[in-house]
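Here's the structure we're looking at; comments come further down.
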Amino acid sequence: MKKILGISAFYHDSAAALIIDGEIIAAAQEERFSRQKHDARFPENAIRYVMGEAKLALGDLDAIAFYDKPFLKFERLLETYVVNSPRGFKSFRTAMPIWLREKLFQKRQLSKALSTLDETYRGPSTLLFSEHHFSHAASAYFPSPFDEAIVLTLDGVGEWATTTVALGKGNSCEIVKELHFPDSLGLLYSAFTYYAGFRVNSGEYKLMGLAPYGNPIYRDLILENLIDLRADGSFQLNQDYFDYATGLRMINGQFEELFGKRARKPEAESIEQLHLDVAASIQVVTEEVVLTISRSLAAEYDIPNLCLAGGVALNCVANGKIVREGVFENVWIQPAAGDAGGAIGAALAVHHREFGEPRRSSSTDSMKGSFLGPSYDDATIVSELEASGAVFRTLDENSALEAAVTALVAGKAVGWFQGRMEFGPRALGARSILADPRSEAMQRLLNLKIKFRESFRPFAPSVLAEDAQEYFDLAVASPYMLLVSEVTDDLRVPVGDQEEAIDGLERLNVVRSKIPAVTHVDYSARVQTVHSSTNPRFHALLELFRNSTGCSVLVNTSFNVRGEPIVCTPRDAFNCFMGTELDFLIIENTVLYKDEQDSTMLANYRDQYALD
1 MKKILGISAF YHDSAAALII DGEIIAAAQE ERFSRQKHDA RFPENAIRYV MGEAKLALGD
61 LDAIAFYDKP FLKFERLLET YVVNSPRGFK SFRTAMPIWL REKLFQKRQL SKALSTLDET
121 YRGPSTLLFS EHHFSHAASA YFPSPFDEAI VLTLDGVGEW ATTTVALGKG NSCEIVKELH
181 FPDSLGLLYS AFTYYAGFRV NSGEYKLMGL APYGNPIYRD LILENLIDLR ADGSFQLNQD
241 YFDYATGLRM INGQFEELFG KRARKPEAES IEQLHLDVAA SIQVVTEEVV LTISRSLAAE
301 YDIPNLCLAG GVALNCVANG KIVREGVFEN VWIQPAAGDA GGAIGAALAV HHREFGEPRR
361 SSSTDSMKGS FLGPSYDDAT IVSELEASGA VFRTLDENSA LEAAVTALVA GKAVGWFQGR
421 MEFGPRALGA RSILADPRSE AMQRLLNLKI KFRESFRPFA PSVLAEDAQE YFDLAVASPY
481 MLLVSEVTDD LRVPVGDQEE AIDGLERLNV VRSKIPAVTH VDYSARVQTV HSSTNPRFHA
541 LLELFRNSTG CSVLVNTSFN VRGEPIVCTP RDAFNCFMGT ELDFLIIENT VLYKDEQDST
601 MLANYRDQYA LD
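Numbering of the sequence shown is given in my numbering, commencing with residue 1 and proceeding in unit increments.
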């Protein structure tokens, strides 16, 4: 029985995962404990949690796996500067001291941190390093329900690779194709994220949400000037327009000249039609690249299953296009597709590749609904709430769920906290804010009064899996909220010529369906199908809501405000509850009403966290 700790760290979204005998026991991101979004530091708290979940010490482990190889990354950095010299000297001068002081000696740094964390740590001989994209590939294939699959990983960059294709069969997963830096679909998308005034490595989903407001009028311009896309899906970026290889910005002046305007300054400038159209254009190009690669792989290999990982795999619009086109019979996407998921991938890679252990066969995936984080018992909940000065009552389960449904039907926004915390960027019904999707005002209310974020941002629907096709054109399960689908024709509300003529962000105010709070301006929705097998309590809540309203759908957004990591503990949940206009909070069977709380404890949460 092999016990392996996986770690991802030092870039963004540090995380830890524990694998025992091939089973994923626990996994969590450091940010959830440190309360620092995208925390890149050594994941001390996450390691303590996953080891504590199994009551193990570091000395009990057979191996500790790190998710990438820093020496290869350093090699790429040096070769890039040599090739482009003297261009990029300023960036080189900035990067080198950090590498020479810290990053180049990560084995020593990791070993020191682990020995400080736990004196039973057995030394650097237990440390193994997996290549970045192999960690991604392993995280996608090994937990998937497939005995054989093509594995496609796309992100910004690992060591050298930016795009890889692997073939998985049994307990084997081997990379067979690679594209290398600086040619990167992830970095191309991030360049447009930067141009639109959003933060790289966190704002890409904003760009995706912005795209439906615009028109893809720059598609040809992008394909003619920025990316050379070939028939097999391989591509090359024109580095004349970018600065990420050797500079301190993603793009340069030539990029800005191509679109006729300088990059938007974050928060300082309004979003113009140009930004909407640019977002729509790069989204269409991204979908075209991903589909071209997928078609080419399907034609080359006689394998009906596709697995996806890497940051680009979080582009749920592109994922939905792959599924709808039917390029592959089956598609599975790692729910923690970004760097955090590399902790799981590195551990599984060691388990199967280094130790030669067999895979566990399963008709479903082995991610356990991605509910791999901590849970809290009643005693801990009561203790934390009492220490916070909260007014609460603890009910039996049915009464607690009925109280939540009563609040939802009354148009209240509900903080929902139950079970084990999700691993990955999506709230899946363990640490969520819920609301009635039938409300025309709910989308704006949640964005401006509770999430404190941009008004254009869409919200996702959670729907009973057995009722999903009544609401969405979705023929497959989507438990991880990684597929976009359109609402059914039956739910659409006719839009008059006057409303249809509205441009830009004003389109947000046009009601387009009977569930307007989760229907984007192009009739799309990022759907989560809720299954009783993986999330019985959330499923039960949806059933009660359906029984009360005839609607099987709830708005589901992450339990946090803009710039804050998703809440982890009962104390985190209460703090967010008191700092926003949330009306009702349910933590397991404990319920809290805002109007019963001490009004002197109300906090201004809007400025609590740095904007992302």
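Cβ atoms here follow ideal geometry from the backbone N, Cα and C, with glycine treated the same way. Please read all numbers here as calculations on a predicted model, not as lab measurements.
Inter-residue spacing [alpha-carbon to alpha-carbon] between residue i and residue j
i, j, result
"Gln597", "Pro437", "27 Å"
"Trp99", "Val157", "Low per-residue confidence applies at Trp99: pLDDT is 46, beneath 50, and the placement is therefore not dependable enough to give any value."
"Ser463", "Gly170", "In the sequence under discussion, the amino acid at residue 463 is Val, which differs from the Ser named in the question. Between Val463 and Gly170, the C-alpha separation is close to 33 Å."
"Ser485", "Met208", "14 Å"
"Pro516", "Pro304", "36 Å"
"Ala468", "Arg512", "18 Å"
"Arg264", "Ala196", "5 Å"
"Ile7", "Asp378", "31 Å"
"Ser135", "Gly342", "5 Å"
"Phe71", "Ser115", "Note on Phe71: pLDDT 48, under 50, position unreliable in the model; the coordinate value appears next. Distance between the alpha carbons of Phe71 and Ser115 is about 22 Å."
"Glu269", "Leu276", "14 Å"
"Cys551", "Thr488", "14 Å"
"Met51", "Asp62", "13 Å"
"Ala610", "Phe452", "12 Å"
"Pro43", "Ser599", "36 Å"
"Gln29", "Leu117", "17 Å"
"Glu267", "Glu148", "46 Å"
"Met481", "Thr529", "8 Å"
"Lys412", "Val327", "42 Å"
"Val82", "Ile251", "Bear in mind that the predicted position of Val82 carries a pLDDT of just 48, short of 50, making it too unreliable to give a figure here."
"Ala540", "Asn547", "10 Å"
"Glu204", "Ser190", "6 Å"
"Ile450", "His351", "43 Å"
"Leu78", "Thr164", "Residue confidence is low: Leu78 scores 49 on pLDDT, short of 50, so the model does not pin down where it sits. Its coordinate-derived value is still stated next. Approximately 22 Å, taken between the alpha carbons."
"Ala46", "Ala347", "15 Å"
"Glu256", "Thr590", "53 Å"
"Ala299", "Val323", "16 Å"
"Tyr67", "Phe538", "33 Å"
"Leu491", "Leu223", "36 Å"
"Ser362", "Val391", "45 Å"
"Asp595", "Arg606", "20 Å"
"Ala573", "Phe417", "8 Å"
Distance cut-off 7 Å: residue i Cβ against heavy atoms of the ligand HEM
i, result
"Thr246", "Of the ligands one can find in the structure shown there are none, so the ligand HEM has no counterpart to examine."
Residue j beta carbon less than 8 Å from that of residue i
i, j, result
"Ala137", "Gly214", "no"
"Thr162", "Leu179", "yes"
"Val290", "Leu306", "no"
"Leu229", "Glu325", "no"
"Leu445", "Ser455", "no"
"Cys576", "Gly415", "yes"
"Phe621", "Val527", "Absent from the model: residue 621. The displayed extent of the chain is 1 to 612, so no value can be given."
"Leu602", "Ile433", "no"
"Leu428", "Gly369", "yes"
"Ala435", "Glu422", "no"
"Val521", "Phe459", "no"
"Asp183", "Phe235", "yes"
"Val278", "Ile227", "no"
"Leu372", "Gln334", "no"
"Leu544", "Val405", "yes"
"Ala336", "Ser130", "no"
Assumed close pair residue i, residue j - CB separation to whole angstroms, cut-off 8 Å
i, j, result
"Leu185", "Leu154", "5 Å"
"His616", "Ala465", "The question about residue 616 has no answer here: the residues shown for the chain are numbered 1 through 612."
"Leu18", "Ala54", "6 Å"
"Arg426", "Ser375", "With a Cβ gap of about 18 Å, Arg426 and Ser375 do not count as contacting."
"Ile381", "Glu174", "Contact doesn't hold; Cβ gap of about 46 Å is too wide."
"Pro145", "Asp365", "5 Å"
"Leu237", "Leu188", "6 Å"
"Pro143", "Met367", "5 Å"
Can you give, in chain order, each stretch of the beta strand (DSSP E) that sits fully within the stretch 219 to 269 and has at least 3 residues? The stretch 219 to 269 is shown to contain whole beta strand (DSSP E) runs of 3 or more residues at 227 to 229 and 235 to 237, in chain order.
Meets three-Cβ-pair contact criterion under 8 Å: the stretch 10 to 23 and the stretch 119 to 129: By the criterion of at least three beta-carbon pairs nearer than 8 Å, the stretch 10 to 23 is not in contact with the stretch 119 to 129.
At least three beta-carbon pairs within less than 8 Å, the stretch 558 to 565 to the stretch 371 to 388: Result no; under three Cβ-Cβ pairs closer than 8 Å.
Any alpha helix (DSSP H) of 4 or more consecutive residues that is wholly inside the stretch 434 to 468: Listed in chain order, they are 442 to 445.
Does the count of Cβ pairs from the stretch 551 to 559 and the stretch 499 to 513 closer than 8 Å reach three? Look at the beta carbons and you see the stretch 551 to 559 not touching the stretch 499 to 513: under three pairs across the two are nearer than 8 Å.
Are at least three pairs of beta-carbons, each pair with one atom in the stretch 11 to 19 and one in the stretch 38 to 50, less than 8 Å apart? Segments in contact, yes.
Counting pairs of Cβ atoms below 8 Å between the stretch 311 to 329 and the stretch 240 to 258, do you hit three or more? Remark: fewer than three beta-carbon pairs, one from each stretch, lie closer than 8 Å, so the stretch 311 to 329 and the stretch 240 to 258 are not flagged as touching.
What ranges does the alpha helix (DSSP H) occupy inside the stretch 347 to 389, keeping only unbroken runs of at least 4 residues that lie completely in it? Correct list: 378 to 388.
Give the list of continuous beta strand (DSSP E) stretches no shorter than 3 residues that lie fully inside the stretch 489 to 567. Within the stretch 489 to 567, the runs of beta strand (DSSP E) at least 3 residues long that lie entirely inside it are, in chain order, 524 to 530 and 553 to 558.
Within the stretch 103 to 189, note down every full beta strand (DSSP E) run reaching 3 residues or more, in order along the chain. Entirely contained in the stretch 103 to 189, the beta strand (DSSP E) runs reaching 3 residues are, in chain order, 127 to 129, 148 to 154, 161 to 169 and 172 to 180.
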